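Enquirer: Submitted below is the structure of interest, expressed as structure tokens.
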Amino acid sequence: MRFTMSLFALLLLVCGSAHAACVDSVVLVHGNTGSPSDFQATHDLLRQRGYAESQILAPSWGNAFCAACNDHNGSEETPVENAIVDALASSCTGKIDVIGHSMGATLAARVIDRIGASGSVDTFIGIAGAFRGLYSCGMYPFNVATTTCGAWGLSIGSPFLNGIAGHRFGAKMYSFKSYADEINCYGGVCLVYGVHTSQIQGETASYTFPYGHYGLLWYTATQQADLL
């Protein structure tokens, strides 16, 4: 009888541990000319919190040596789409969480929207994204003549940005923004038509931090993980 009870207790422990480990798979999407290692702090914290390596996907996308060459259409999408599809296929909950930094946030949003995956995304976090465009890219069609600032890029009012405006990228959507963001607040102006460019239309909440463009990613791992 003592053996039977001990075995029962062991089974409860094992089942409880397995249940605790069943979490949404997470896709981490780096920014323009960045790399998956930009999310190292987030990755390490998720591992500390019990996520398996297989539950964290961080695709590498775009031309790493030409920031002006990347946009939100075509080859840039493929690695992100593959990661999202793989995450969904392997997630034990049937849902995933997506965190994107800078142009990776808008690229992730584009892919989720295009493949119709928003209903399978529990939490979407856009960190230092330019969801309303960049003044450094100009205003479409009077935009800076680069791919990144073109019709599929981040000029204010671009067809791409207009095309995803108001769409949902997950059940819960959060934005991380800063008024010290040297890229999104080009010339000291962060607001586009009165709203911070990093804010997502229809978002659940927006959080403001005193960091620069990359600090918003590197120093907020705890806040990111807490929202998942």
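Numbered per our numbering, the sequence shown spans residues 1 to 228. A virtual CB, placed ideally from N, CA and C, is assigned to each residue, including glycine. Source: prediction; values computed, not measured.
1. Look at the Cβ atom of Asp-97, then the Cβ atom of Phe-124, and state whether they are nearer than 9 Å.
2. Is Asp-122 helix, strand or coil when you go by DSSP?
3. Between the C-alpha atoms of Ser-90 and Gln-55, what's the straight-line distance to the nearest angstrom?
4. Measuring CB to CB, does Asn-63 end up less than 9 Å from Asn-70?
5. On the three-state DSSP scale, how would you describe Cys-137?
6. Ends of the alpha helix (DSSP H) at Asp-44?
7. Are the segment 40-47 and the segment 136-152 touching by the rule of at least three beta carbon pairs closer than 8 Å?
8. Would the beta-carbon of Val-192 be found less than 8 Å away from any heavy atom of the ligand SAH?
9. Which complete alpha helix (DSSP H) runs does the segment 162-197 hold, if anything under 4 residues is left out?
10. Among Cys-185, Trp-61, Asn-162, Ser-175, whose alpha-carbon lies nearest the alpha-carbon of Ala-83?
11. What three-state label does DSSP hand Thr-98 in the structure shown?
12. State the CB to CB distance for the pair Phe-176 and Ile-127, rounded to an integer number of angstroms; the pair is presumed to be in contact (CB under 8 Å).
13. Using CA atoms only, rank isn't needed, just tell me which of Thr-42, Met-139, Tyr-174, Leu-154 is closest to Ala-205.
14. Say whether the segment 191-209 touches the segment 19-33, bearing in mind that this needs 3 or more beta-carbon pairs closer than 8 Å, one atom from each stretch.
15. Identify the residues that DSSP records as bridge partners of Phe-142: which are they?
16. Between Ser-136 and Gly-34, what straight-line distance do the alpha-carbon atoms span, to the nearest angstrom?
17. At 3 residues or longer, and completely inside the segment 47-113: list those beta strand (DSSP E) runs for me, N to C.
18. Apart from the five residues on each side of it in sequence, which residues of its chain come closer than 6 Å, Cβ to Cβ, to Leu-228?
19. Rounded to whole angstroms, what is the Cα-Cα separation between Asp-226 and Thr-220?
20. Roughly how many angstroms separate the alpha carbons of Thr-42 and Ile-156, rounded to a whole number?
21. Got a sec? Which residues, its chain only, sit under 8 Å from Ile-115 by beta carbon, not counting five neighbours each side?
22. Between Ser-158 and Tyr-140, how many whole angstroms is the CB-CB distance? I'm expecting something under 8 Å.
Expert: In terms of the structure at hand:
1. yes
2. strand
3. 8 Å
4. yes
5. strand
6. 40-48
7. no
8. This structure lacks the ligand SAH, and indeed carries no ligand of any kind.
9. none
10. Trp-61
11. Checking the displayed sequence, the identity of residue 98 turns out to be Val instead of Thr. The answer is strand: DSSP assigns Val-98 an E or B state.
12. 4 Å
13. Tyr-174
14. no
15. Met-139
16. 19 Å
17. 96-101
18. Asp-97, Thr-123
19. 10 Å
20. 30 Å
21. Glu-81, Ile-84, Val-85
22. 4 Å
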